[in-house]
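Colleague:
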Ligand SMILES: Nc1ncnc2c1ncn2[C@@H]1O[C@H](COP(=O)(O)OP(=O)(O)OP(=O)(O)O)[C@@H](O)[C@H]1O
Ligand SMILES: [Mg+2]
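Residue numbers (the numbering used here), protein chains in the order written: chain A, 3 to 405; chain B, -5 to 218.
#1: Should the segment 177 to 195 of chain B be called in touch with the segment 337 to 344 of chain A, which here means at least 3 C-beta pairs below 8 Å?
#2: Between residue 6/B and chain A, is there a C-beta pair that is closer than 9 Å?
#3: Is there a Cβ of chain A sitting closer than 9 Å to that of residue 94/B, yes or no?
#4: So residue 402/A is in the alpha helix (DSSP H); what residue range does that whole segment cover?
#5: Would you mind telling me which residues of chain B sit closer than 7 Å to residue 321/A, beta carbon to beta carbon, in chain order?
#6: Going by the DSSP bridge assignment, what does residue 178/A pair with across the sheet?
#7: When you measure from the CB of residue 9/B to every non-hydrogen atom of ligand 1, does any distance come out below 8 Å?
#8: Under 7 Å Cβ-Cβ, which residues of chain B neighbour residue 315/A?
#9: Could you check whether the Cβ of residue 53/B sits closer than 9 Å to any Cβ belonging to chain A?
#10: What residues sit near ligand 2, counting only those whose C-beta is closer than 6 Å to one of its heavy atoms, in chain order?
#11: Less than 9 Å separating the beta-carbons of residue 142/A and residue 187/A?
#12: Report, in whole angstroms, the separation of the C-beta atoms of residue 116/B and residue 133/B, which I expect to be a contact under 8 Å.
#13: For residue 104/A, count the other beta carbons within 10 Å of its own beta carbon; 16 or more makes it buried, fewer makes it exposed. Which is it?
#14: So, with DSSP's three-state summary, where would you put residue 104/A?
#15: Can you tell me which residues form a DSSP beta bridge with residue 56/B?
#16: Take residue 336/A and list the residues in its own chain whose beta-carbon comes closer than 7 Å to its own, dropping the five residues that flank it on each side.
#17: What first and last residue would you give for the alpha helix (DSSP H) that runs through residue 297/A?
#18: Of all the beta strand (DSSP E) runs that stay within the bounds of the segment 24 to 100 of chain B, which reach a length of 3 or more residues?
#19: Which residues bound the beta strand (DSSP E) around residue 196/B?
#20: Does the beta carbon of residue 169/B sit closer than 9 Å to a beta carbon anywhere in chain A?
#21: In the segment 27 to 54 of chain B, which residues sit with their C-beta less than 8 Å from some C-beta in chain A, listed in chain order?
#22: Can you pull the chain B residues whose beta carbon is under 7 Å from the beta carbon of residue 305/A, in chain order?
#23: For residue 206/B, report the span of its alpha helix (DSSP H) as first-last.
#24: Hey, could you find the ends of the beta strand (DSSP E) residue 0/B is sitting in?
#25: Taking CB distances under 9 Å as the criterion, tell me whether residue 166/B reaches chain A.
#26: Given a threshold of 16 other Cβ atoms within 10 Å of its Cβ, counted over all protein chains shown, does residue 87/B qualify as buried or as exposed?
#27: So, are the CB atoms of residue 98/A and residue 284/A less than 9 Å apart?
#28: Using a cut-off of 8 Å between C-beta atoms, extract the partners of residue 398/A located in chain B.
#29: Return the residue from the list 178/A, 107/A, 109/A and 66/A that minimises the CA-CA distance to residue 116/A.
#30: Using 8 Å as the cut-off, can you tell me whether the segment 31 to 51 of chain B makes contact with the segment 6 to 23 of chain B, which would need three or more C-beta pairs spanning the two stretches below that distance?
#31: What are the partner residues of residue 212/B, as DSSP defines its beta bridges?
#32: What residues of chain B sit near residue 402/A, judged by a beta carbon separation below 8 Å?
#33: Any heavy atom of ligand 1 closer than 8 Å to the CB of residue 36/B?
#34: Since residue 333/A meets chain B, which of its residues come closer than 7 Å, beta carbon to beta carbon?
#35: In the DSSP assignment, find the unbroken alpha helix (DSSP H) run with residue 146/B in it and report its ends.
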């Protein structure tokens, strides 16, 4: 029998019990929709996180203070405050270092006119914007003079400027940071990333000014380094290690009191973690597809039982075993394939919705629906074959007598 | 004389139920020539349906040989039997056995589906067969929308649509009132007059008297 005839038979059969067909398909629909949307969510999250991390700076190394170890007790990371502004200056002289900036920080109430907000004040140098991959929206960044003279100049993050109701015209005006007046010299371009990784809610001021007005001493919370090119990252890391060990008097083989975080390493780690997550999500989703397949098998078995007499009649009027097999198999396939197609439409719509809500946009990967279709076809065959064989094997006499 | 359409020689059908063996047919010899109208008559349980299943190639004898239209049935596998059925035999059952939720037209067209005809040809021939049986205005009705007599006429149209050499009818009037039963018998007689070979099973001697020849079955044996 030709395929078109079989499909016509299957469709007219399914059409005569629409509710049952719809409920049976629902299992496959849910399965395929969840596979498609969860994989899209995984991929969208991956690309979103990767984009955010890349936004943090390219070829970025961050030196952080390490843990204090007193006796057998290991303190928290950052519990020693051994990194200093002088360390940052020394690192700036190494080969392969394009830019360096020390960072101190304090949290302060900021007042601009009638608006106020509490935000992070980062004490740094003009190198910050280079190292952290920021561009200026308005005005200028901190210059050498401001740092050297500990001027009360501030560069505002985009969100902070927004919170304070400041726009382009605010350049040159005065705001109060913890009751100290500062002049706004620049506003940063927004990076657009939100959540805990957001870097748009902060104010940059010279580290010398922070030292004068808020946190005395020349220790820093971290040092950011931009490496001139990606292939120099390992070299620069080694240089920094040697330099800081000698500056801090750490013997060879001793425990360093600092750590160097490598942006590219973080990127690849995050990449592999979220790839794993995607596989995991797809795996969980395919379980529901499996359940949908079992639903098809169940309904097909019931159907063979119910239609025993029909099978007997068909055999008496000339159907061979394989005609019956094909008829029932195609019915299962049509069920699973229709379910699969509806599931894809639903899944794509869902992933577009989730992408829009989560803010990483709509990542459409045509491979996923293709795999989902093949998968639902496979489900139809695997779970349709057995009932179809049951039908094909029926003895026509027994089948005709069946009530 | 041409070769017989049906030739049974020493045919037995024994059901093996493990501890007991039921001999539903024993040593049956039967020859049917093309163009005959034969009634197989016998009381309930005598083995009529068993005989019909074997003649209709739905079942195989446990002993003896059966030759249908020159083909020794014993040599065929299940697919071969199906093909022989499809080409040579049209069935009419007591309980009509139409496909449920399927229009009269589709019912009649289905045997042609298994012969591989195109949909257009199938529907055209099915419509013609239904018109021959006076059901031209009922083609789109499903079985539940038809009377018993109409259903049986659809079943006859379905049996005839393949132009089979043999029409096999098992109690074709068994479920019908006397008027529609008489209609069906008239149709069968007309078909036979037009040259169709008919083998009909019945326990009703009135119905059997319509046939040109009768054989009687008792306890699995043919009696003259
Ligand atoms: N599948 C089977 N297994 C065992 N015995 C069977 C089977 N089919 C039929 N028989 C037996 O074979 C005998 C003949 O049965 P059959 O159905 O041929 O009778 P029948 O003449 O058609 O009767 P009726 O007029 O009531 O339809 C019966 O004794 C029956 O019990
Ligand atoms: Mg019977």
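Glycine is no exception: its CB is placed at the ideal position from the N, C-alpha and C atoms. Keep in mind that this is a model prediction, so the values were computed, not measured.
Modeller: Concretely, from the data shown:
#1: Because the criterion of three Cβ pairs below 8 Å is not met, the segment 177 to 195 of chain B and the segment 337 to 344 of chain A do not touch.
#2: Not one chain A Cβ lies under 9 Å of residue 6/B.
#3: At a cut-off of 9 Å between beta carbons, residue 94/B contacts chain A.
#4: 398 to 403 is the span of the alpha helix (DSSP H), which, as asked, contains residue 402/A.
#5: By Cβ distance, chain B contributes 76 and 108.
#6: Among the bridge pairs identified by DSSP, residue 178/A is matched with 113/A and 183/A.
#7: The answer is yes for residue 9/B.
#8: Those are 91 and 93, listed as they occur along chain B.
#9: Using beta-carbon distances, residue 53/B counts as an interface residue toward chain A, with a partner under 9 Å.
#10: One residue list follows from the rule of a beta carbon closer than 6 Å to any heavy atom of ligand 2, given in chain order as 42/B and 43/B.
#11: Going by C-beta atoms, residue 142/A is nearer than 9 Å to residue 187/A.
#12: Actually they do not touch by this definition, with Cβ atoms about 13 Å apart.
#13: Residue 104/A counts as buried, since no fewer than 16 other beta carbons sit within 10 angstroms of its beta carbon.
#14: Residue state, collapsed to three classes: strand.
#15: DSSP lists no partner for residue 56/B.
#16: For residue 336/A, where only same-chain residues beyond five positions count, the Cβ hits under 7 Å are 9, 12, 13 and 16.
#17: Note, residue 297/A: alpha helix (DSSP H), 265 to 308.
#18: Listed in chain order, the beta strand (DSSP E) runs fully inside the segment 24 to 100 of chain B are 31 to 35, 57 to 62 and 83 to 86, counting runs of at least 3 residues.
#19: 191 to 196 is the span of the beta strand (DSSP E), which, as asked, contains residue 196/B.
#20: Cβ-Cβ to chain A under 9 Å: no for residue 169/B.
#21: Taking a C-beta cut-off of 8 Å against chain A, the contacting residues of the segment 27 to 54 of chain B are 47, 50, 52 and 53, listed in chain order.
#22: None at all; the shortest Cβ gap to chain B is about 13 Å.
#23: According to the DSSP assignment, residue 206/B belongs to no alpha helix (DSSP H), since it is labelled neither H nor E.
#24: 0 to 10 is the span of the beta strand (DSSP E), which, as asked, contains residue 0/B.
#25: When Cβ-Cβ separations below 9 Å define contact, residue 166/B makes no contact with chain A.
#26: Buried.
#27: The Cβ atoms of residue 98/A and residue 284/A do not sit closer than 9 Å to each other.
#28: Around residue 398/A, the beta-carbon contacts reaching into chain B at under 8 Å are 52.
#29: The residue with the shortest Cα to Cα distance from residue 116/A is 178/A.
#30: Yes, the segment 31 to 51 of chain B is in contact with the segment 6 to 23 of chain B.
#31: Residue 212/B has 215/B as its beta-bridge partners, per DSSP.
#32: What residue 402/A touches in chain B: 52, 87 and 91.
#33: Ligand 1 approaches residue 36/B closely enough that one of its heavy atoms is under 8 Å from the residue's Cβ.
#34: Per Cβ cutoff of 7 Å: no residues; residue 333/A is ~14 Å from chain B at best.
#35: Looking at the DSSP string, the run of the alpha helix (DSSP H) that includes residue 146/B is 142 to 154.
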